[in-house]
Amino acid sequence: MGVAVPVVYLVLRALEADPATLADLVWRGQTLRLLGNTVLLTAGVLALTTAISLPMAWLMARTDLPGRRLFSLLGVLPLAVPGYVMAYALMGATGRSGMLATLAGIELPRLSGYAGALLALSFSTFPYLFLNLRAALRGLDPALEEQAQALGMSRGKVFWRVVLPQLRPAFLAGGLLIVLHVLGDFGVVSLMRYDTFSYALYVQYTTSFDRIYAAWLALMLLALTAAVLFAEARLLRGLLYHRAGSGGAARPARRLRLGNIGRWVACLPPTLVAGVAVGLPLAATGFWWLEGSYLAAATVGAGDVLTALADSAAAAAPAAGLAALLAVPVAYLSVRRPSPLTRAAERTAYFGYATPPLAMALALIFFTLRAVPGLYQTLALLVGAYALRFLAEAIGPVRAALYQAPPRLEEAARALGRGPVEAFFATVFPLLRRGLVVSVAFVFLSAMKELPLALLLSPTGFRPLAVSAWGYAEEALFAQAAPFALVIIAFSAAFVGLLLWQEGERKGR
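If you read the sequence shown in my numbering, its first letter stands for residue 1, the second for the next number, and so on.
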């Protein structure tokens, strides 16, 4: 309801336009150009992330590549670099005064536009696809491939005709995350000056007195997102008989021997990818922090970074607690009392996660200005927006913990005369504590690096880390942006470390 009500109000706000104006808004040339740019960028990122992820996943899962565990870790670490930090790093490394020109004498044109947005988004999102493909390749039944080879198929034909079709569910799962990320991205496209729905929505809202067009841009972005979700569901429904995933293989597939020279040659592509996706952001940020520290000292000091850190934590901490609090009843009812109503409540939480953040922010702004004006540009609104945005991240760990809590414990407490609430807190809640800690950590770390919601909903004078880093980078003040970007990377690395720890705990059980 927290997401649905503002979106409904956004629809009503957009429909305030008369029919003639409405037709002009929807079919004007700028709108069609934005649609084309958004689709082109999404398709390009999907193609490039596939070109990166599929060979890497195959090398990790099916060959005797040396250092597979290290490369697998390096394939996950780009998640620690938010897209706007990756864009900042690419901009700071190129150009006449960039890191490459200063340190190596390699003067490359400063990245911007479509090419810059494509590279920044691809190298910051490919782990979503890499992780899904690697897991799928590990879980495939090798008997199917062996039978195909016995029938005379070459390794190449086996891959294209037997293996690749079984990877389609993994492609859809990882590709959906990438598409949703690209559609909702604002930080990268704004820094690279590439016009998409998200960027145009922000410009229209902040520079125009007519907010109806901004409302329509938000609705069109939501419609595009809904179309992607619908298409993914339809495609997945037709792939129910393809087996790919954990538990599908009776035994692991034999690893392909690459040979003494081939093993080391095969290390080059994942090394290059890791260098660009992980090494470049760290190097460029560190370079501008050290090389340009004297430039930044006049405008940015340790106190400014600490203030931004405190502002970020002031919104992220209560949002994490609120999201965890909301996650408990949603997860409990979906696990213990499954029904169409409880499933709908859970889907609503995931709808908030799939909603492009700028569209969500605009919906909340329109709603609060009309319904609760006193809430506009307050910390409470920002905290609530964070909680709604990342509620899905909080539900997962709580739901997993509930599946491990035997219902008979609660039933025994009820049989001893305790009420439903008392029985829950006496038997179930103690078992949820670990899941709640993970939920709070997930939401806190995600909120610390959130940009679009913070940019539009923050109170006056409130500048969290993401807004500070983005603001300086947008003005090409790379030295000033560096300390904020480094702190964001540190918190994002903690987020990735938590994910890896949780995965290790799950495998250890």
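Glycine is no exception: its CB is placed at the ideal position from the N, C-alpha and C atoms. Quantities reported herein were computed from a predicted structural model and do not represent experimental measurements.
For the alpha helix (DSSP H) holding residue i, just list the boundary residues, first then last.
i           : result
residue 281 : 280 to 291
residue 429 : 429 to 448
residue 472 : 465 to 474
residue 24  : 19 to 27
residue 76  : 68 to 76
residue 16  : Where residue 16 is concerned, there is no enclosing alpha helix (DSSP H), given that its DSSP letter is neither H nor E.
residue 149 : 142 to 150
residue 139 : 113 to 139
residue 381 : 379 to 389
residue 172 : 168 to 184
residue 408 : 407 to 415
residue 190 : 187 to 191
For residue i and residue j, what's the separation of their Cα atoms in angstroms?
i           : j           : result
residue 80  : residue 281 : 10 Å
residue 131 : residue 20  : 48 Å
residue 170 : residue 60  : 16 Å
residue 87  : residue 255 : 37 Å
residue 329 : residue 427 : 15 Å
residue 36  : residue 147 : 45 Å
residue 164 : residue 174 : 15 Å
residue 64  : residue 55  : 14 Å
residue 259 : residue 319 : 52 Å
residue 235 : residue 166 : 13 Å
residue 99  : residue 116 : 16 Å
residue 9   : residue 265 : 57 Å
residue 354 : residue 416 : 43 Å
residue 152 : residue 363 : 59 Å
residue 369 : residue 113 : 34 Å
residue 246 : residue 471 : Residue placement at residue 246 cannot be trusted, given a pLDDT of 45 that sits under 50; the coordinates are not used to answer.
residue 33  : residue 406 : 55 Å
residue 459 : residue 279 : 35 Å
residue 26  : residue 182 : 22 Å
residue 168 : residue 197 : 28 Å
residue 138 : residue 57  : 9 Å
Could you tell me if residue i is buried or exposed, where buried requires 16 or more neighbouring beta carbons within 10 angstroms of its beta carbon?
i           : result
residue 75  : buried
residue 331 : buried
residue 15  : exposed
residue 62  : buried
residue 244 : Because residue 244 carries a pLDDT of 41, less than 50, the predicted location of this residue cannot be relied on, and the following value inherits that uncertainty. Buried, since its Cβ has 16 or more Cβ neighbours within 10 Å.
residue 501 : exposed
residue 184 : buried
residue 204 : buried
residue 38  : buried
residue 71  : buried
Mapping the DSSP letters down to three states, classify residue i as helix, strand or coil.
i           : result
residue 94  : coil
residue 451 : coil
residue 49  : helix
residue 100 : helix
residue 196 : coil
residue 460 : coil
residue 358 : helix
residue 63  : strand
residue 258 : coil
residue 337 : coil
residue 274 : helix
residue 106 : coil
residue 8   : helix
residue 82  : coil
residue 220 : helix
residue 501 : helix
residue 153 : coil
residue 244 : For residue 244, the predicted structure reports a pLDDT of 41, less than 50, and the residue's modelled location is therefore unreliable. A value from the coordinates is still provided. Residue 244: coil per DSSP, three-state reduction.
residue 400 : helix
residue 326 : helix
Please name the residue, chosen from the options, that lies closest to residue i on a Cα-to-Cα basis.
i           : options               : result
residue 449 : 414, 433, 487 and 482 : 487
residue 45  : 102, 180, 469 and 419 : 180
residue 325 : 357, 283, 266 and 391 : 391
residue 69  : 82, 154 and 270       : 270
residue 273 : 138, 492 and 119      : 119
residue 443 : 469, 400 and 395      : 395
residue 177 : 217, 122, 218 and 207 : 122
residue 290 : 49, 478 and 462       : 478
residue 322 : 140, 43 and 393       : 393
residue 446 : 337, 489 and 200      : 489
residue 382 : 441, 413 and 453      : 453
residue 435 : 414, 108 and 401      : 401
residue 420 : 333, 96, 52 and 72    : 333
residue 359 : 94, 199, 308 and 229  : 199
residue 129 : 303, 78 and 67        : 78
residue 284 : 190, 89 and 338       : 89
residue 97  : 338, 287 and 378      : 287
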